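Residue numbers (the working numbering): 37 to 340.
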């Protein structure tokens, strides 16, 4: 167990550092420290998502009995991936910190924001995402490894596949970072993200209840009544933020595909971060890479 945890603790930060080094020193790229940090963080998130989705598919497809069947990859990947969530909190802060440096340079003549103030601002803005990651480490990890007692590997595998939406989220952020909001790729990726997020993160939990109703041969509406209360509470707590983020994605996608962005003059792309074009009001919360104001979503935050 400890060796697998140690492997994950080395793999994800190591991949981040290696990716950043390559992006900074590869001829033809030579990204700045800030750009290399942000792109590397998203690359690691995408790789982890592909690994988790692949593991989830292997586990779910191998379990004929959705309660009793076990697969060795279930607990192994949980142990390997749990350090990722701790690493990712720090990686997201690094992305936020570099964006603040650029913003401070543009707006305050190069005066950097104090580290303590930056940490407090980061925790306020990304509270829900940080809380989600902390819960994954402190609650979901022990529940998945110990409390389940080897049962329900199928459900765990299906939940791994929720990460299938992450690569499109990360690509959307990179496209916004490099001001490619008006490209066809951005719109196609936005549509893909909308579909995958809805299927893999919103419909996921109703599907798990449906799968159990078929297994137990009981009506779907009775599943919450017979399931352990801990399962119902856990499903609600995990599903609630996904529904919230999905509503923000829908608002951003509506603006993107109805052409709201084209109604703004191109000069607004150079407006300072943190305000709407021509206004002094702050931007609304982020939407996993696609905010209600798609032009500046990713320059404000770094959730996924």
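Glycine included, each C-beta is placed from N, C-alpha and C at the ideal position. The structure displayed is predicted, hence computed values, not measured ones.
Three-way DSSP call (helix, strand, coil) for residue i in this model
i: residue 78; result: helix
i: residue 219; result: coil
i: residue 62; result: coil
i: residue 199; result: helix
i: residue 45; result: helix
i: residue 161; result: helix
i: residue 184; result: coil
i: residue 83; result: helix
i: residue 51; result: helix
Whether residue i touches residue j by CB criterion (8 Å)
i: residue 193; j: residue 120; result: no
i: residue 73; j: residue 169; result: no
i: residue 191; j: residue 244; result: yes
i: residue 282; j: residue 241; result: no
i: residue 200; j: residue 89; result: yes
i: residue 209; j: residue 293; result: no
i: residue 115; j: residue 94; result: no
i: residue 158; j: residue 126; result: no
i: residue 124; j: residue 81; result: yes
i: residue 85; j: residue 264; result: no
Neighbourhood of residue i by C-beta, 7 Å cutoff - its chain only, sequence neighbours within 5 removed
i: residue 79; result: 55
i: residue 344; result: What the structure shows of the chain is the stretch from 37 to 340, and residue 344 is not part of that stretch, so it cannot be assessed.
i: residue 314; result: The predicted position of residue 314 is uncertain, since its pLDDT is 37 and thus under 50; a value taken from the coordinates is nonetheless stated next. Cβ within range, chain order: n/a, list empty.
i: residue 268; result: 260
Reference residue i; option with closest CA among the options
i: residue 92; options: 264, 157, 111; result: 111
i: residue 185; options: 200, 104, 175, 218; result: 104
i: residue 247; options: 101, 58, 132, 264; result: 101
i: residue 218; options: 289, 283, 113, 129; result: 289
i: residue 41; options: 69, 122, 98, 239; result: 122
i: residue 188; options: 96, 50, 277, 84; result: 96
i: residue 278; options: 238, 150, 160; result: 238
Rounded distance between the beta-carbons of residue j and residue i, thought under 8 Å
i: residue 195; j: residue 285; result: The pair is not a contact, with the Cβ atoms about 20 Å apart (cut-off 8 Å).
i: residue 52; j: residue 76; result: 5 Å
i: residue 226; j: residue 138; result: Actually they are not in contact, since the Cβ atoms of residue 226 and residue 138 sit about 24 Å apart, beyond 8 Å.
i: residue 162; j: residue 128; result: 6 Å
6 Å CB neighbourhood of residue i in its chain, flanking five on each side removed
i: residue 177; result: 118
Near the ligand NAD: residue i beta-carbon under 7 Å from a heavy atom
i: residue 108; result: Within the structure as shown, the ligand NAD is missing, as the structure has no ligands at all.
Same chain, Cβ closer than 8 Å to residue i, neighbours up to 5 away in sequence not counted
i: residue 255; result: 249
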